[in-house]
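J.: One structure coming up, written as structure tokens, with questions to follow.
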Amino acid sequence: MSQFSPGSATGQQFTRFLRGYAIIQGLVLAAIVLAMVFDVITIEQMIPLIIAVAVIGGLVMVWRIMSLRRNTGQQRPGGVHQTPEGDSDSPGTVPPGLDGLGQKDPMARFRDPNR
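This is the structure we're talking about:
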């Protein structure tokens with residue numbers, strides 16, 4: 005799973021979401037603990053509330069990550085598909101010895117050099 009780069013628009017959106025998410029989760033959990041301290045709710049009520057908050061928060065987190073990944077996939081330009089195979093003269097291909105990101109391929113020394 006690739007991560008969002010910090011400088012991109014998607015990375016900034018995700019960072020802003022995480023900050024808001026943390027603030028809301030903290031406030032909700034603090035409210036539950038304060039309700040317990042002031043005898044508004046009992047411990048038998050507090051435990052299911054904390055579990056419910058965690059489950060709902062996890063679902064929101066997964067939904068947001070999936071929507072950001074879906075939006076990122078739609079924004080990528082199509083048409084140029086880079087594959088490691090192919091001759092180096094054709095446009096849109098990666099030279100031998102480099103992976104799809106342009107980095108040195110660590111397995112290149114184990115492959116057939118005549119391929």
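The sequence shown begins at 5 in the working numbering and counts up one residue at a time.
Ideal Cβ positions, reconstructed from N, Cα and C, are used throughout, including at glycine.
1) Taking its Cβ as the centre, do 16 or more other Cβ atoms sit within 10 Å of residue 27, making it buried, or is it exposed?
2) Taking all protein chains shown into account, decide if residue 18 is buried (16 or more other Cβ within 10 angstroms of its Cβ) or exposed.
3) For a quick check, are the C-beta atoms of residue 32 and residue 66 less than 7 Å apart?
4) What does the alpha-carbon distance come out to for the pair residue 16 and residue 71?
5) How about residue 68 and residue 21: are their beta carbons less than 7 Å apart?
6) Work out the CA separation of residue 62 and residue 45 for me, nearest whole Å.
T.: Taking the geometry as given:
1) exposed
2) buried
3) no
4) 14 Å
5) yes
6) 24 Å
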